[in-house]
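Note that the working numbering has the sequence shown beginning at 15, numbered continuously upward.
Here's the structure we're looking at; comments come further down.
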Amino acid sequence: MTTVCLCRGPIMAASPLLDKPWRELRWGEKQKELQYVKEYKPAVEGTKHLRVLMFGHVGAGKSSFINSVSNVLRGRMSIPALTSSTTSDRSFTIKYETHKIRIGRGTSKTFFPLVFNDVMGLEDGNNSGIHASDITLAMKGHVKDGHKFNPIAPLTKEDYGYNPSPSLDDKVHVLVCVMSANAPQINSSVLQKMKKVRETASELGIPQMAMMTHIDAACGEIEKDLKNVYRSKHLHKKMKDFSAAVGIPMNCIFPVKNYSEEIDLKDDVDFLVLSALRKMVDFGDDFIEKNCN
């Protein structure tokens, strides 16, 4: 009996990379993007700075991104926001603090007109992590600098940390949701808190965007070469799944790699940070122009 072999040689594994990037970046224009951000100033009288509020699940990399922005703008390593190198299911950030980025040193020291606020991470359950209502108060400018978040009880008007008369500069101009690309599946209760915060921001007219961090840890091809960021099939799916889960459009989600192990700056890392940072400036400035006149 004659048998016919239908084998066509070894089966080749599908490539983890797309043939072409699904989003184009001009990698060689770092200095142009850097100059754009450095020269930004709010045009509305009475507004000294643009305020960015960052929130997300525990360990997403919110504080690390603030440090990465400081590194890029100052041209050297710096740590304005304290971070933890250990993995934990509890938030390292517990206080509401405004992070300013310095220009110059000594008596000539000034600050960029772009400030960041980091809040306690979102956690599963009702008595852990930050309350969604506390993030709402922060967006409205009602949380005083230095307020210590309480996972058991949200901030009220009677608390010392409540700011009853927020100025234009106290209010948030752009909201950024931070998600780790290397995190396991996020619990539904945390996703619901994210959606609730977004819904409130929408009611207030505050522009929203998202960042996906730890992209090199999530994809080996990106770890090899950061320029593979928009060719990675795995990361593309992660971003699409996150977009569907929280409702943030894909064109408002930006993958970044925070500085963590490096001791010197790298152009590719800087450029991804600047890519997200420029959109924060653009979105926040539009909000200031529309609402703070």
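The beta carbon of each residue, even a glycine, is placed where N, CA and C say it ideally should be.
Residue interval of the alpha helix (DSSP H) (run including residue i)
i      : result
Gly149 : First, the amino acid is wrong: residue 149 is Ile here, not Gly. It spans Ala146 to Met153 - the alpha helix (DSSP H) in which Ile149 sits, taken as one unbroken run.
Phe79  : Lys76 to Arg88
Ser203 : Ser202 to Leu218
Leu48  : Lys44 to Lys52
CB contact flag (residue i, residue j, <8 Å)
i      : j      : result
Ala146 : Lys247 : no
Ser194 : Asp138 : no
Met294 : Leu218 : no
Ile108 : Met68  : no
Asp184 : Gly155 : yes
Asp284 : Lys241 : no
Lys252 : Ala232 : yes
Ile144 : Leu151 : no
Arg318 : Arg116 : With the chain covering only 15 through 307, there is no way to say anything about residue 318.
Leu31  : Glu237 : no
Among the options, the one whose alpha carbon lies nearest that of residue i
i      : options                           : result
Phe301 : Ser29, Asp33 and Leu64            : Leu64
Pro178 : Val188, Arg116, Pro168 and Val157 : Val157
Ile200 : Gly143, His71 and Asn242          : His71
Gln206 : Ile220, Val260 and Ala215         : Val260
Val188 : Asn81, Met208, Met223 and Asn196  : Met223
Tyr50  : Val86, Lys34 and Ser216           : Val86
Asp33  : Val283, Val243 and Asn196         : Val243
Asp159 : Pro180, Glu172, Leu136 and Arg212 : Pro180
Phe256 : Asn196, Ile220 and Thr214         : Asn196
Leu182 : Met208, Arg40, Pro35 and Asp299   : Asp299
Cys191 : Ala28, Val66 and Lys62            : Val66
Asp239 : Val186, Ser92, Lys271 and Glu213  : Lys271
Ile80  : Thr170, Gly118, Tyr273 and Asn305 : Tyr273
Trp36  : Leu169, Arg245, Pro198 and Gly118 : Arg245
Pro82  : Lys114, Glu53 and Tyr54           : Note on residue identity: the sequence assigns Ser, not Pro, to residue 82. Ser82 has its Cα closest to that of Lys114, out of Lys114, Glu53 and Tyr54.
Lys52  : Glu237, Glu275 and Arg292         : Arg292
Lys304 : Ile149, Pro221 and Lys254         : Pro221
Ser84  : Pro269, Phe125, Tyr54 and Tyr110  : Phe125
Ser92  : Val186, Ala215 and Glu276         : Glu276
Asp148 : Leu249, Ala215 and Leu279         : Ala215
Lys62  : Ala258, Glu213 and Val186         : Val186
Gly175 : Tyr110, Met208 and Pro269         : Tyr110
Met208 : Arg40, Ala28 and Ala258           : Ala258
Span of the beta strand (DSSP E), counted from its first residue to its last, around residue i
i      : result
Val66  : Leu64 to Gly70
Met91  : Element bounds for Met91: n/a, residue is neither H nor E.
Thr227 : Gln222 to Thr227
Residue-chain proximity (residue i, chain D), Cβ-Cβ < 8 Å
i     : result
Val83 : Looking at the structure shown, chain D is missing, and only one protein chain is on hand.
Problem set entry | Cβ contact check for the segment 129 to 137 and the segment 75 to 82: 3 or more pairs under 8 Å | With a cut-off of 8 Å, the segment 75 to 82 and the segment 129 to 137 count as touching, because enough Cβ pairs lie within range.
Exercise. What residue ranges within the segment 232 to 287 form continuous alpha helix (DSSP H) runs of no fewer than 4 residues, ordered along the chain?
Worked result: 234 to 238 and 247 to 260
Exercise. Does the segment 255 to 273 come within contact of the segment 50 to 58, defined as at least 3 CB pairs closer than 8 Å?
Worked result: Verdict: no, contact absent.
Exercise. Taking only runs of the beta strand (DSSP E) that begin and end inside the segment 161 to 207, which ones reach a length of at least 3 residues, in chain order?
Worked result: Counting only runs of 3+ residues, the beta strand (DSSP E) found wholly inside the segment 161 to 207 occupies 188 to 194, in chain order.
Exercise. Using 8 Å as the Cβ pair cut-off and three pairs as the minimum, do the segment 39 to 48 and the segment 287 to 302 touch?
Worked result: yes
For this session: Examine the Cβ distances between the segment 162 to 181 and the segment 216 to 232 and report whether three or more of them are shorter than 8 Å.
Result: no
Problem set entry | Every unbroken beta strand (DSSP E) inside the segment 106 to 141 [3 residues or more] | Runs of the beta strand (DSSP E) inside the segment 106 to 141: 111 to 113 and 128 to 132.
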